[in-house]
Each structure stands twice: as structure tokens, then as C-alpha cells.
Amino acid sequence: MAEARQPERLCVGCRTLHPKRELLRIVKSPDGMVAIDPTGKSPGRGAYLCPSPECLRKARRQNGLSWSFKGRVVPAVYDALEEIVQHEEDGT
Ligand SMILES: [Zn+2]
Numbered sequence: 001m002a003e004a005r006q007p008e009r010l011c012v013g014c015r016t017l018h019p020k021r022e023l024l025r026i027v028k029s030p031d032g033m034v035a036i037d038p039t040g041k042s043p044g045r046g047a048y049l050c051p052s053p054e055c056l057r058k059a060r061r062q063n064g065l066s067w068s069f070k071g072r073v074v075p076a077v078y079d080a081l082e083e084i085v086q087h088e089e090d091g092t
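End of the sequence shown = 92 in full-length UniProt numbering, gap-free, step of one.
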């Protein structure tokens, strides 16, 4: 029967589609602040990243978040993401 279609989003690192729930959400709020959104529910424009150091490296090198948000993104956002993906890699 009809499978529930999973929402998919583009990872800003590898730029391929993945199920939304497997991705980290980064959000640019209406006032222009860019932050990681662990709940996935913050208002604003979202960008998505696979929780993998590899994708984060690509995103950083290509300025994937700036590309997605069409504006400058402070390096602190990438640093915060790095902490998260490193924990993911530990398998915790
Ligand atoms: Zn990716």
C-alpha cells in the first residue's frame, strides 16, 4: 500500500537528499541569527546537514550554509556543528 512519503532535504555538505529526520537542522531566524536547531521546529529558514564530519568539512569548505542562507554565516556555527558531529561519530 501507499508508503508514507518521507520528507527529504538537501544536505549542505554532500548536496544530496536525505530523510529530514536523519539530518541536523540549522536555522536562520527571522531576525537573521543563524543557530543550530536541535528540535527541528524553530521558526525561520532551515538548512540541513548530515551528522557526519565529512559533510561538515565539505559544508565548511564550500560555505554551504552561506550558500543556503544567502548571507554570511559566522564560523562559530560550524564549530558548534563540529562538536555535534563528533559526538555522533562516537556512536553515542
Ligand atoms: Zn551530507
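Where a beta carbon is used, it is the ideal one built from N, C-alpha and C, also for glycine.
Item, Value
"Between the region 36 to 43 and the region 7 to 16, can you find at least three pairs of beta-carbon atoms closer than 8 Å?", "no"
"Strictly under 8 Å for the Cβ-Cβ distance: is Arg21 near chain B by that measure?", "The structure shown contains no chain B; it holds only a single protein chain."
"Checking the sheet assignment: what are the DSSP bridge partners for Arg45?", "Lys28"
"Counting by C-beta, which residues lie closer than 5 Å to a heavy atom of ligand 3, in chain order?", "In terms of ligand content, the structure shown lacks ligand 3 and carries ligand 1 instead."
"Note down, in chain order, each residue of its chain lying with its Cβ closer than 7 Å to the Cβ of Pro19, except the 5 sequence neighbours on either side.", "Gln6, Glu8"
"Considering Cα atoms alone, identify which of Glu3, Glu22, Arg60, Arg72 is closest to Met33.", "Arg72"
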